[in-house]
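Protein sequence lines, in the order shown, are assigned to chains U and R. For the first sequence, the working numbering assigns the number 1 to the initial residue and increments by one for each residue that follows. For the second sequence, the working numbering assigns the number 338 to the initial residue and increments by one for each residue that follows. Don't be surprised by glycine CBs; every beta carbon is placed ideally from N, CA and C. Just so we're clear, the structure is a prediction, and the values are computed from it rather than from any experiment. A short write-up of the structure that comes next.
Number of protein chains: 2
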Amino acid sequence: MLDDRKAAILRAVVEEYIETAQPVGSNSVARAPGLAVSSATVRNEMNALERDGYLAQPHTSAGRIPTDKGYRFFVDSLPSGRLEAGQTQQVRAFFDRAHGELERMLYDTSRFLSGLTDYAAVVVRDAEDPARIRSLQLVSLGPRIILVVAVLASGAIEKRTLEVQEDVDEVVVGAASARMSALVVGSLFGAPLSVAPSGTREVDVVVSAAAAALVPAGASDHTPQVFVGGASRMANAFDAVTTIRQVLDTLEQQYVLVTLIKDVMDRGLSVAIGAEHGVVPLADCSIVVAPYQIEGEPAGTVGILGPTRMHYEQTLAAVAVVSKRLGQALSKGSEER
Amino acid sequence: MLDDRKAAILRAVVEEYIETAQPVGSNSVARAPGLAVSSATVRNEMNALERDGYLAQPHTSAGRIPTDKGYRFFVDSLPSGRLEAGQTQQVRAFFDRAHGELERMLYDTSRFLSGLTDYAAVVVRDAEDPARIRSLQLVSLGPRIILVVAVLASGAIEKRTLEVQEDVDEVVVGAASARMSALVVGSLFGAPLSVAPSGTREVDVVVSAAAAALVPAGASDHTPQVFVGGASRMANAFDAVTTIRQVLDTLEQQYVLVTLIKDVMDRGLSVAIGAEHGVVPLADCSIVVAPYQIEGEPAGTVGILGPTRMHYEQTLAAVAVVSKRLGQALSKGSEER
DNA sequence: TTTGGCACTCGGTATCTTTGAGTGCCAACC
DNA sequence: GGTTGGCACTCAAAGATACCGAGTGCCAAA
Numbered sequence: 001m002l003d004d005r006k007a008a009i010l011r012a013v014v015e016e017y018i019e020t021a022q023p024v025g026s027n028s029v030a031r032a033p034g035l036a037v038s039s040a041t042v043r044n045e046m047n048a049l050e051r052d053g054y055l056a057q058p059h060t061s062a063g064r065i066p067t068d069k070g071y072r073f074f075v076d077s078l079p080s081g082r083l084e085a086g087q088t089q090q091v092r093a094f095f096d097r098a099h100g101e102l103e104r105m106l107y108d109t110s111r112f113l114s115g116l117t118d119y120a121a122v123v124v125r126d127a128e129d130p131a132r133i134r135s136l137q138l139v140s141l142g143p144r145i146i147l148v149v150a151v152l153a154s155g156a157i158e159k160r161t162l163e164v165q166e167d168v169d170e171v172v173v174g175a176a177s178a179r180m181s182a183l184v185v186g187s188l189f190g191a192p193l194s195v196a197p198s199g200t201r202e203v204d205v206v207v208s209a210a211a212a213a214l215v216p217a218g219a220s221d222h223t224p225q226v227f228v229g230g231a232s233r234m235a236n237a238f239d240a241v242t243t244i245r246q247v248l249d250t251l252e253q254q255y256v257l258v259t260l261i262k263d264v265m266d267r268g269l270s271v272a273i274g275a276e277h278g279v280v281p282l283a284d285c286s287i288v289v290a291p292y293q294i295e296g297e298p299a300g301t302v303g304i305l306g307p308t309r310m311h312y313e314q315t316l317a318a319v320a321v322v323s324k325r326l327g328q329a330l331s332k333g334s335e336e337r
Numbered sequence: 338m339l340d341d342r343k344a345a346i347l348r349a350v351v352e353e354y355i356e357t358a359q360p361v362g363s364n365s366v367a368r369a370p371g372l373a374v375s376s377a378t379v380r381n382e383m384n385a386l387e388r389d390g391y392l393a394q395p396h397t398s399a400g401r402i403p404t405d406k407g408y409r410f411f412v413d414s415l416p417s418g419r420l421e422a423g424q425t426q427q428v429r430a431f432f433d434r435a436h437g438e439l440e441r442m443l444y445d446t447s448r449f450l451s452g453l454t455d456y457a458a459v460v461v462r463d464a465e466d467p468a469r470i471r472s473l474q475l476v477s478l479g480p481r482i483i484l485v486v487a488v489l490a491s492g493a494i495e496k497r498t499l500e501v502q503e504d505v506d507e508v509v510v511g512a513a514s515a516r517m518s519a520l521v522v523g524s525l526f527g528a529p530l531s532v533a534p535s536g537t538r539e540v541d542v543v544v545s546a547a548a549a550a551l552v553p554a555g556a557s558d559h560t561p562q563v564f565v566g567g568a569s570r571m572a573n574a575f576d577a578v579t580t581i582r583q584v585l586d587t588l589e590q591q592y593v594l595v596t597l598i599k600d601v602m603d604r605g606l607s608v609a610i611g612a613e614h615g616v617v618p619l620a621d622c623s624i625v626v627a628p629y630q631i632e633g634e635p636a637g638t639v640g641i642l643g644p645t646r647m648h649y650e651q652t653l654a655a656v657a658v659v660s661k662r663l664g665q666a667l668s669k670g671s672e673e674r
């Protein structure tokens, strides 16, 4: 679509603009290695690139700035990069140390990735597919308070506190727990339950309360979890306070964030630039995403949110590596290498 | 310490500065209701207040700005305020709707409180005292993967994933679970465990692995949980980008945050102004805190972080009301009005 | 088709001036 | 003696003005 020279010029403009955040003039482009042409030629070409929508000019006597379309071309023509040695080292060190509970790990990963790239990082844990219940137990916490704990096939834990209207003793809870467990283990979490009456009225009261607590909540809690790390780094990326405000605000709206990332993934992209994603307050941002898999199954997404003028090559590499290593780390027992 | 007139003038300066963020001159102070003196008199008094460290002057020909000491006097002489009717209404509505799991509730509260005050809100859940284990269960998640789930007296759940070196079947896990449960229920979480050998080698392997997983982790996970809501609102409070950056960054460092809040509480304060707390990057911030209690027991802290020139009266009232209502909401069964 | 040359544009910076809010001090006043 | 009006003084902020120079578009020559 673009001849070689135009492509080279566009690339040079994008690279320099990413570096300096200043409009790029024909002279500095002409000086770029690998381009043996004069600035006048560059000017002509840049003119054409502007006509075609790859570049824009803030005002007449200024250099050019890439448009979203310009960035898009740049990103698409990017060779698949590698991390710097030091960063590879950091990743290794992080995942060697990393351990512990899933949620903690995902949050730590988002913070780590943010530190690695110097942008804000997001880790989304996909909503569980309707998962089979591996174990279910009722625990008495007080005379009328009972905790329902369900362990799902994935290892995730769902808990609900419920309050019954009359005092129940431990024995009743124990009986109810056994009954409930028999009823529910192996079935899908969130599925409606039919409770057959047992001999004891008290037990039935508890069981039906527990069943009720489990069912509707199953749906409501079926939303993905989001972990945002290094949001404050977005304050570095822009200098307009209002932009900073908007971006940070959006980062706190987990629903928007999840939708955005899901949307980008659905379109099969790994990068969404500026207005490509429809989220208006993030018009000056790009997002780089990669899914991670546990035991070969898609389990969530790792992403970076940065300014449109971000270091795409490093960021893409970082996101790719981290998502892969995260998946490995979470796939227990497959610690090969 | 300050005569009435000085106090009134100081108050007027603080109030106007909080409102306008501009240095306050003698004229506007003289115009304040309740002060029947000329600007010249005010000037003399302000001079004295500056000498005594309550006010400062950005430069010679500017008005005065309160110092931390000035704010301190202002806050200490504040009548205990009430929320506006609309806000009381909001609080009621929020806690009427609010329900669900503890963590979720604490996070929602921090977001709500942030919206109520327009500053950043922090909710800290205190580390559990060494709590008795109410229930313990091992659940098999895969041939070699076992999940240990402990329910503590408070209803908190601790879980550890562990991997054993050889395949164990469900029956073994069941046996180990029963044994472990008998061993551990009623004892303190995190306490060292002595494991007597049972008849079966396989069971012993699992039990000792589970015991090992439980003990050291008990200490490490014994740290308070922090929920920050509305951090982005700090971007409104300042206009120096570097300040915004610092503050947001600090807000992400949970350890610093917890220490800060704990420190303020330990000193028996409900407000820490500017440099009073030692956290340098938050020198332009004040923090307002109040503990919340579950069933009469201190369970955590609610706090607001805002600029030194925050609306102390409303904020104090909001924090007080929210901490109280939060405690009530979390004290199950005590939903009296 | 490329390039050197040239006139032109216009945002940014630097310099200077003006403005006005605010101060400190003093002498007069109650 | 505390209070007040008056006054000279200060100094940041806001305008005004000029200038600079990076950058452009276009043209004619190579």
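task: Taking C-beta pairs closer than 7 Å, name the residues in chain U that G492 (chain R) reaches, listed in chain order.
output: Within chain U, the residues near G492 (chain R) are L141, L147 and T161.
task: Just the C-alpha distance for V319 (chain U) and M265 (chain U), rounded to the nearest angstrom, thanks.
output: 14 Å
- request: Might you give, ordered along the chain, the residues of its own chain that have their beta carbon closer than 7 Å to the beta carbon of D541 (chain R), omitting 5 neighbours on each side?
  value: P534 and S535
Contact set for G390 (chain R): own chain, Cβ-Cβ below 7 Å, skip 5 residues either direction: T404 and K406
- request: Could you name the residues of chain U that L642 (chain R) contacts, counting a contact when the two beta carbons are closer than 7 Å?
  value: Those within 7 Å of L642 (chain R) in chain U number zero; the least Cβ separation is about 13 Å.
query: For the alpha helix (DSSP H) that T161 (chain U) lies in, which residues bound it at each end?
result: Looking at the DSSP string, T161 (chain U) is not in any alpha helix (DSSP H); the run it does join, the beta strand (DSSP E), is I157 to E163.
- request: Closer than 9 Å, Cβ to Cβ, to anything on chain R: give me those residues from the region 244-259 of chain U, in chain order.
  value: I244, R245, Q246, V247, L248, D249, T250, L251 and E252
field: As assigned by DSSP and simplified to three states, the class of L66 (chain U)
entry: As written in the sequence, residue 66 (chain U) is Pro, which differs from the Leu given in the question. Three-state DSSP puts P66 (chain U) in a strand.
message: I'd like to know whether the C-beta atoms of Y444 (chain R) and G640 (chain R) end up nearer to each other than 8 Å.
response: no
task: Give the interface partners of E297 (chain U) over in chain R, defined as CB-CB distance under 7 Å, in chain order.
output: Simply none; closest approach about 13 Å.
message: So, with DSSP's three-state summary, where would you put Y391 (chain R)?
response: Coil.
- request: Write down the C-beta distance between V124 (chain U) and I273 (chain U) rounded to the nearest angstrom, noting that I regard them as a contact closer than 8 Å.
  value: Not confirmed; about 20 Å, so no contact.
query: Do you know offhand how far P529 (chain R)'s Cα is from V544 (chain R)'s?
result: 13 Å
field: Amino acids of chain R, ordered along the chain, whose beta-carbon sits closer than 9 Å to that of N47 (chain U)
entry: In chain order: nothing, as chain R lies at least about 35 Å away.
- request: Can you pull the chain R residues whose beta carbon is under 9 Å from the beta carbon of V279 (chain U), in chain order?
  value: Correct list: empty, because the minimum Cβ distance to chain R is about 15 Å.
- request: Pick out whichever of U:L2, U:R5 and U:P23 has its Cα sitting closest to the Cα of R309 (chain U).
  value: U:P23
Partner residues on chain R for N236 (chain U), Cβ-Cβ distance less than 9 Å: V578 and R582
query: Can at least three beta-carbon pairs, one atom from the region 568-588 of chain R and one from the region 465-484 of chain R, be found at a separation below 8 Å?
result: Using a Cβ-Cβ distance cut-off of 8 Å, the region 568-588 of chain R and the region 465-484 of chain R are not in contact, since fewer than three pairs of beta carbons, one from each stretch, lie closer than that value.
task: Pull up the distance between the alpha-carbon of V351 (chain R) and that of Y408 (chain R), whole angstroms please.
output: 7 Å
message: For A369 (chain R), which residues in the same chain have their Cβ closer than 6 Å to its Cβ, ignoring the five residues on either side in sequence?
response: Contacts found: A349.
query: Looking at the structure shown, is F189 (chain U) part of a helix, part of a strand, or coil, going by DSSP?
result: Of the three classes helix, strand and coil, the one that applies to F189 (chain U) here is coil, per DSSP.
- prompt: So which residues of chain R does Q137 (chain U) contact, with C-beta pairs closer than 9 Å?
  reply: Ordered by position in chain R, the residues that pass the 9 Å Cβ test against Q137 (chain U) are S472, Q474, V486 and V488.
- request: Alpha carbon to alpha carbon, how far is A577 (chain R) from T378 (chain R)? Give it in angstroms, no decimals.
  value: Rounded to the nearest angstrom, the two C-alpha atoms are 35 Å apart.
query: Does DSSP classify Q426 (chain R) as helix, strand or coil?
result: Reduced to three states, the DSSP call for Q426 (chain R) is helix.
- prompt: Which residue's Cα is closest to the Cα of M517 (chain R): R:R342, R:R380 and R:S531?
  reply: R:S531
task: For S80 (chain U), return the contacting residues in chain R, with the cut-off set at a CB-CB distance below 8 Å.
output: In chain order: nothing, as chain R lies at least about 31 Å away.
- prompt: On the three-state DSSP scale, how would you describe R132 (chain U)?
  reply: strand
task: Using a Cβ-Cβ cut-off of less than 9 Å, give me the residues of the region 100-112 of chain U that come near chain R, in sequence order.
output: G100, E101, L102, R104 and R111
- prompt: Taking the Cβ atom as the reference point for each residue, do D621 (chain R) and F575 (chain R) lie within a distance shorter than 8 Å?
  reply: Yes, these two residues count as a Cβ contact at 8 Å.
field: chain U within 8 Å of R434 (chain R), Cβ atoms only
entry: no
- request: Apply the 10 Å Cβ neighbour rule to A464 (chain R) and answer buried if 16 or more other Cβ atoms are within range, or exposed otherwise.
  value: exposed
Neighbourhood of V279 (chain U) by C-beta distance below 6 Å, restricted to the same chain and skipping five residues each side: Excluding positions up to five away in sequence, the list reads L260.
message: Just to make sure I have the definition right: I need the residues of chain R whose C-beta is within less than 9 Å of the C-beta of A176 (chain U). Which are they?
response: Chain R residues near A176 (chain U): none, gap ~13 Å exceeds 9 Å.
query: Taking the alpha carbon of D413 (chain R) as the point to measure from, which residue in R:L606, R:P644 and R:E356 has its own alpha carbon closest?
result: R:L606
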